[in-house]
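Heads up, the thing below is written out as structure tokens.
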Amino acid sequence: MGKRWRRSAGLLAVMGLAVAGCSSNSTPTTTATGGDSAKAPGTGGKAVGFIFVGPKDDYGYNQAAFEGSQDVAKAFPSLKVLTAENVPEDDNATRVMEGMIANGAKIIFATSYGHLDPAKKVAAAHPDVVVIQQGNIATGTIPPNFGTYFGTVYEPVYLAGIAAGKATKTNKLGYVYAFPISQSIDNINAFELGAKSVNPAAKTYVVNTSNWCDPGKQAEAANSLLSQGVDVITQHQDCTATVIKTAEAKGAFTVGYHADASTLAPKGWLTGSQWRWGPLYTEIVQTTIDGKFTGSKFNANYRVGLKTGSNPFVQSPYGPSVSAETKADIDKARAAISAKDGSPFKGPVMSQDGKVLFADGMVPDYAAIEDLKVFVDGVVGKLPS
Amino acid sequence: MSLPVEVMVGAVRGGTSILYAALGETVSERAGVINLGTEGCMLVGALTGYAVTASTGNPWVGVIAGAGAGALLALVHAVLVLSRGANQLATGLVVLFLGLGLTSLFGAAYVGRSINAFTPIAIPGLSSIPGLGDIFFNHDPLTYLSYLAGPAVWWFLYRSRPGLIMRAAGERQEVLAAYGHSPLRTRYLAVIGGGALAGIGGAQLSTAYANAWFENMTQGRGFIAVALVIFAAWHPLRAVGGAYLFGAALALSPALQARGYGFNQFALDAIPYLVTIGVLVVLGRKRAHAAPEGLKKVFEMTGA
């Protein structure tokens, strides 16, 4: 009961902010050009704003980001945390952010991939406000009050791939994904590389659904994979329950994504990957209110992984069937990829059609990994053209 | 499982929710009322079915509640278009958005919840027939019920007296009135019954097929159902065929991909729509005159 009223109150708040944004459009611009240029961007605010593309209780990406925003609220009691859910990835996002600025926000987190353009627009209009975007990559010169950030999502996926490679009896793993975007390609590749590192015969079969949340299509995708003999299924979808429950019902293993969903698969749950944004958000806010944002690592396309700090994407708890031996393998692999010359994509890595992607011993940087447009050897299925 | 068998299994599995909705819409349109809000009726059916199953632990109670919710939303449509004379097409869209909004609002609490869902029950004997056993006899109970629903609606519309009255309401309501029946009452019943069937379709999606509730989880299946009814020339059994055809085309993409074939993404996504429209247009071309007379008036915008 409480949830739904909070939700509708949230919607009202968004509308209110949007209205506020419209009515006070000119005010913040005057502040920005009003001679306060000596002040570092993002300082002196009363609030921090967060916009989310989906509902804050989706058991997935948006809920994780929302929980991160609540950690910021706890860490900085003097700052008001403004949140707006279901913010579309268009000019509506601009309006909502303008509204937050009118309400005293000097730091804004635009947390969806498609919020990049509106976020850039708002940053350009308000040089005194730091706007920082989650997951996308800004090209060209990055303004002093702008940046993007993300975790290296494929690292825990690689570790989970090890659990999958150990658990499979048919040597067939299944991956349900939505669209061939670089994040999904990285995840699929890392999953296969992890599985192959402990089980050279393991292959990953991929099916895409062209939709982030169509449970009907997900059920069909999972059933197709299972009928091909796949006995471990994982996914990159926004809503994850259907695939997990379908696998559990057919006695297959599950590797989770976005959240700890082990309660949905008490028998088949192996492990998974889940978000923990709090520490990174808090670090960004602290850097910014200290007046050190411009020129910092966050004033760029910041990617954080096991090597460089606290990855906001962490491994989920293990299920009951994971053996001590598998856990030890995963611990070893985690240590290896955390080392200076470690990476899930450490060469040699070959593509599906036998080309060398990373030569023997090569340790690709984050950008090179995000640039991959092909599946690695061992993935069965083609990238849609 | 061979590819054709797997696709046909998927056709039945994925087509069933659309089948219920299409049958419901057939009844409604036969009585002269088009309900573009079918998608909304499916959504309220899906959420109510899921929520009631969650609280009672009994999916049958959930489905009955889902049917009731679909009927209730269809009643809103009926009141607006039949008693208030509102435009059917515009009202249908309003009903859709009402259903979408209500289910987003009240559904948030049920995202990620587990329920005691319907599970596939293999029918002894029949399920071991090669091919056919997998295609037809290893499904959830709502799918088995759907095998009866098509013939039942056909029998009702074409072989029973109430069905005749219902069709008359869609063809010549003046004649119906002259014979002492109330066209208004008949149409109300048809719209409400249609909404109930769409609600069952939605509940099948959430409590049997996908085993989950998510905001807007029907993803356009209600609109597919409305389109199927028209392409099927308002014939319930052709609508059943259309629903399975759409299900098969949806199942084709993952079945091919799981075997390692790659295709053009846009072609794969368009196949279900192209195949269904293509086949039904060819089949239904000669039957353009089959549209109920009352429905033609709606499209000509001359009244309800």
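Respectively, the protein sequence lines represent chains P and C. The first sequence begins at 6 in the numbering used here and counts up by one. The second sequence begins at 158 in the numbering used here and counts up by one. Ideal Cβ positions, reconstructed from N, Cα and C, are used throughout, including at glycine.
Check residue i in the structure and name its three-state DSSP category.
{"i": "C/H296", "result": "strand"}
{"i": "P/Q242", "result": "coil"}
{"i": "P/S356", "result": "strand"}
{"i": "P/S278", "result": "strand"}
{"i": "P/K177", "result": "strand"}
{"i": "P/V158", "result": "coil"}
{"i": "P/C27", "result": "Note on P/C27: pLDDT 41, under 50, position unreliable in the model; the coordinate value appears next. Correct three-state label for P/C27: helix."}
{"i": "P/T209", "result": "strand"}
{"i": "P/I335", "result": "helix"}
{"i": "C/T173", "result": "helix"}
{"i": "C/F456", "result": "helix"}
{"i": "C/T276", "result": "coil"}
{"i": "P/Y323", "result": "coil"}
{"i": "P/A110", "result": "strand"}
{"i": "P/Y182", "result": "strand"}
{"i": "P/V235", "result": "coil"}
{"i": "C/F423", "result": "helix"}
{"i": "P/V379", "result": "coil"}
{"i": "P/T34", "result": "Its pLDDT being 37, under 50, P/T34 is placed unreliably in this model, and the coordinates cannot settle the point."}
{"i": "P/V134", "result": "coil"}
Starting from residue i, find everything on chain P with Cβ-Cβ shorter than 8 Å and list it in chain order.
{"i": "C/G470", "result": "There is no way to answer for residue 470 of chain C, as the model of chain C reaches only from 158 to 461."}
{"i": "C/L362", "result": "P220 and G221"}
With respect to the beta strand (DSSP E) encompassing residue i, which residues constitute its N-terminal and C-terminal limits?
{"i": "P/S189", "result": "Counting along the chain, P/S189 falls outside any beta strand (DSSP E), though it belongs to the alpha helix (DSSP H) covering S187 to V203."}
{"i": "P/Y262", "result": "F258 to H263"}
{"i": "P/F350", "result": "Looking at the DSSP string, P/F350 is not in any beta strand (DSSP E), and its letter there is neither H nor E."}
{"i": "P/L362", "result": "V361 to F363"}
For the alpha helix (DSSP H) containing residue i, name the first residue and the last one.
{"i": "C/H234", "result": "P216 to A235"}
{"i": "P/I289", "result": "G283 to I294"}
{"i": "P/Y307", "result": "Segment N306 to V309 is the beta strand (DSSP E) holding P/Y307; no alpha helix (DSSP H) there."}
{"i": "P/N141", "result": "Where P/N141 is concerned, there is no enclosing alpha helix (DSSP H), given that its DSSP letter is neither H nor E."}
{"i": "P/N228", "result": "P220 to S232"}
{"i": "P/K126", "result": "L121 to A130"}
{"i": "C/F254", "result": "Q245 to G264"}
{"i": "C/L200", "result": "T195 to T213"}
{"i": "C/I191", "result": "No alpha helix (DSSP H) holds C/I191; DSSP gives it neither H nor E."}
{"i": "P/A373", "result": "Y371 to E375"}
Mind pulling the chain C residues with CB within less than 7 Å of residue i?
{"i": "P/T239", "result": "Per Cβ cutoff of 7 Å: no residues; P/T239 is ~14 Å from chain C at best."}
{"i": "P/S390", "result": "N421 and Q422"}
Quick check: residue i and residue j, are their CB atoms within less than 8 Å of each other?
{"i": "P/V77", "j": "P/T287", "result": "yes"}
{"i": "C/V162", "j": "C/G359", "result": "no"}
{"i": "C/A415", "j": "C/G379", "result": "no"}
{"i": "P/P325", "j": "P/W280", "result": "no"}
{"i": "P/V212", "j": "P/A226", "result": "yes"}
{"i": "C/A400", "j": "C/L176", "result": "yes"}
{"i": "C/A412", "j": "C/V164", "result": "yes"}
{"i": "C/T183", "j": "C/P393", "result": "yes"}
{"i": "P/S321", "j": "P/G277", "result": "yes"}
{"i": "P/L121", "j": "P/N141", "result": "yes"}
{"i": "C/L402", "j": "C/V432", "result": "yes"}
{"i": "P/Y180", "j": "P/I193", "result": "yes"}
{"i": "C/T322", "j": "C/L333", "result": "For the record, residue 322 of chain C in the displayed sequence is Ile; it is not Thr. Yes, the Cβ-Cβ distance between C/I322 and C/L333 is below 8 Å."}
{"i": "P/V368", "j": "P/D346", "result": "yes"}
{"i": "P/A329", "j": "P/F258", "result": "no"}
Can you name the residues of chain C whose CB is closer than 9 Å to the CB of residue i?
{"i": "P/Y210", "result": "Q414, A415, R416 and G417"}
{"i": "P/N213", "result": "S410, P411, Q414, Q422 and L425"}
{"i": "P/K402", "result": "Here chain P comprises residues numbered 6 to 390, so residue 402 of chain P is not present and cannot be evaluated."}
For a contact meaning CB atoms closer than 9 Å, what does residue i contact in chain P?
{"i": "C/F294", "result": "Under the 9 Å cutoff, chain P gives no residues; its nearest Cβ is about 16 Å from C/F294."}
{"i": "C/A279", "result": "Neighbours of C/A279 on chain P: none; closest Cβ ~13 Å, over 9 Å."}
{"i": "C/S271", "result": "A246, K250, T268 and L269"}
{"i": "C/L407", "result": "G221, K222 and E225"}
Going along chain C in order, which residues have a C-beta closer than 8 Å to the C-beta of residue i?
{"i": "P/Q233", "result": "A415 and R416"}
{"i": "P/S229", "result": "E163, G167, A408, P411, A412, Q414 and A415"}
{"i": "P/N216", "result": "Q376"}
List the residues of chain P whose Cβ lies closer than 7 Å to the Cβ of residue i, in chain order.
{"i": "C/V268", "result": "D62, D63 and Y64"}
{"i": "C/E196", "result": "Simply none; closest approach about 13 Å."}
{"i": "C/Y366", "result": "G221 and A224"}
Shorter than 7 Å, the distance from the beta carbon of residue i to the closest heavy atom of the ligand GDP, or not?
{"i": "C/A231", "result": "As for the ligand GDP, it is missing from this structure, which has no ligand bound."}
For the stretch 46-103 of chain P, list the beta strand (DSSP E) runs that are entirely contained and at least 3 residues long, ordered along the chain. 52-56 and 85-89
Could you tell me which whole alpha helix (DSSP H) segments of length 4 or greater appear in the stretch 358-408 of chain C? 378-388
Enumerate, from N- to C-terminal direction, the unbroken alpha helix (DSSP H) stretches of 4 or more residues contained entirely within the stretch 312-341 of chain C. 318-328 and 330-335
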